[in-house]
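J.: In this note's numbering, the protein residues as written are 1297 to 1628.
What follows is the structure, given as structure tokens:
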């Protein structure tokens, strides 16, 4: 997801000066700066201002089922969900585990957990799931987790590259017919300061996935920190030099797809606009749907025929990302 480093500071400044704020360019990019207009708000204007961030989810309006069949005509029998929660502790405080209970996926993947299993909140323990965590050397940064109803044959942490395996970004779970990889891909940074690191990651990660794919089909999910094409973010023209939409990052994702993988959502919905999974906290971006599609289910080409649907759960709140869900029809 685009960097948030300066977000809290700008919010504080906004409150201190109590001035009307406006975002310079696409407010779905958290590296954008906030300016003040110098106009001081009256009490009535402030009190009537719509809250920036909705956190309460109306689960009763969401249809957690899937009526679609795979291209082979089979109904789904396996469900995987993925969600960048910004913090596992934060999401449990915002009723995030209720989403998991309602969705009831066979596998639930979390990104940006910011904790080890030892330090995970007790509320995040859900009955019926085997839990696996990848935490970085730096506690409170990055991190991913995988919850599985079916115990995997094996679980691996990292991608086998020392340079990239200190931040807890990847878990691979092996099942009988496929590998499931959940990833929180490094951000290119505000001002693209870590773009070189990101591009090295893209090469190493593609090699890792290709190796897995030579053994079994792969299902990749997570926050891949790239909006692949212009249709995948609200304002592409003003974000060509923003982390997540540089040509280099987009090309890296294209190379991954060209290596034998498919973006399931875009395959099923090639022309669907306004389909985003991330919205900046600043500027009421989510209520205006000024967002980015940064979260994906990517599968090996040879198992795309098992995919029934790839869904964005935009109605679920609690994070600056929303969950995504994949329905597949596995061989019995």
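Using N, Cα and C, we set each Cβ at its ideal position, and we do this for glycine too.
What is the rounded straight-line gap between the Cα of residue 1615 and the Cα of residue 1556?
T.: Locating residue 1615 in the chain shown gives position 319, where the first residue counts as 1. Locating residue 1556 in the chain shown gives position 260, where the first residue counts as 1. Taking the straight line joining both Cα atoms gives about 32 Å.
J.: Is there contact here, the segment 1456-1463 with the segment 1427-1434, by at least three beta-carbon pairs under 8 Å?
T.: Yes: at least three Cβ pairs fall under 8 Å.
J.: Looking only at its chain, what residues have a beta carbon closer than 7 Å to the beta carbon of residue 1393, apart from the 5 residues adjacent to it on each side?
T.: Here residue 1393 refers to the residue found at position 97 of the chain shown. 1419, 1420 and 1422.
J.: Rounded to the nearest angstrom, what separates residue 1618 and residue 1522 at their Cα positions?
T.: Within the chain shown, the letter at position 322 stands for residue 1618. Within the chain shown, the letter at position 226 stands for residue 1522. Roughly 15 Å between the two C-alpha positions.
J.: Between the segment 1574-1590 and the segment 1501-1517, are three or more C-beta pairs nearer than 8 Å?
T.: Output reads no: the segment 1501-1517 does not touch the segment 1574-1590.
J.: Would you kindly work out how many angstroms separate the C-alpha atoms of residue 1325 and residue 1383, rounded to a whole number?
T.: Counting from 1 along the chain shown, the entry for residue 1325 is found at position 29. Counting from 1 along the chain shown, the entry for residue 1383 is found at position 87. Note that residue 1325 has pLDDT 42, beneath the 50 cutoff, so the model's placement of it is unreliable and the number below is only indicative. The alpha-carbon atoms of residue 1325 and residue 1383 are separated by roughly 20 Å.
J.: So residue 1473 packs on residue 1626, CB below 8 Å; how close in whole Å?
T.: Start at 1 with the first residue of the chain shown, and residue 1473 comes out as number 177. Start at 1 with the first residue of the chain shown, and residue 1626 comes out as number 330. Rounded, the Cβ-Cβ distance is 6 Å, consistent with contact.
J.: In the DSSP assignment, find the alpha helix (DSSP H) that holds residue 1486 and state where it starts and stops.
T.: By 1-based counting over the chain shown, the position of residue 1486 is 190. Looking at the DSSP string, residue 1486 is not in any alpha helix (DSSP H), and its letter there is neither H nor E.
J.: What are the boundary residues of the beta strand (DSSP E) that residue 1470 is part of?
T.: By one-based count along the chain shown, residue 1470 stands at place 174. Taken as a continuous stretch (DSSP letters only), the beta strand (DSSP E) holding residue 1470 covers 1466-1470.
J.: Rounded to whole angstroms, what is the Cα-Cα separation between residue 1582 and residue 1570?
T.: Here residue 1582 corresponds to residue number 286 of the chain shown, with the count starting at 1. Here residue 1570 corresponds to residue number 274 of the chain shown, with the count starting at 1. Answer to the nearest angstrom: the Cα atoms are 11 Å apart.
J.: What would DSSP say about residue 1598, mapped onto helix, strand or coil?
T.: For the purposes of this step, residue 1598 is taken as the residue at position 302 of the chain shown. In the structure shown, residue 1598 sits in a helix (DSSP, three-state: H, G or I).
J.: Let me check understanding here. Comparing Cα to Cα, which of 1403, 1587, 1401 and 1428 lies closest to residue 1411?
T.: As a working mapping, residue 1411 is identified with position 115 in the chain shown. Minimum Cα distance to residue 1411 is reached at 1428.
J.: Which full runs of the alpha helix (DSSP H) of 4+ residues lie inside the segment 1389-1476, going along the chain?
T.: Qualifying alpha helix (DSSP H) stretches, in chain order: 1392-1399.
J.: Can you find a heavy atom of the ligand GTP that lies under 8 Å from the Cβ of residue 1580?
T.: Summarising the ligand content, the structure contains no ligands, and the ligand GTP is consequently not present.
J.: How should residue 1586 be labelled, buried or exposed, when 16 other C-beta atoms within 10 angstroms of its C-beta is the threshold for buried?
T.: Along the chain shown, read from residue 1 onward, the residue named residue 1586 stands at position 290. Residue 1586 is buried by the Cβ-count criterion.
J.: Check this for me: beta carbons of residue 1467 and residue 1440, under 9 Å apart or not?
T.: Translated into positions along the chain shown, residue 1467 becomes position 171. Translated into positions along the chain shown, residue 1440 becomes position 144. Taking 9 Å as the Cβ cut-off, residue 1467 and residue 1440 qualify as a contacting pair.
J.: Starting from residue 1612 and walking both ways along the beta strand (DSSP E), at which residues does that stretch end?
T.: Locating residue 1612 in the chain shown gives position 316, counting from the first residue. Run containing residue 1612: none; DSSP gives neither H nor E here.
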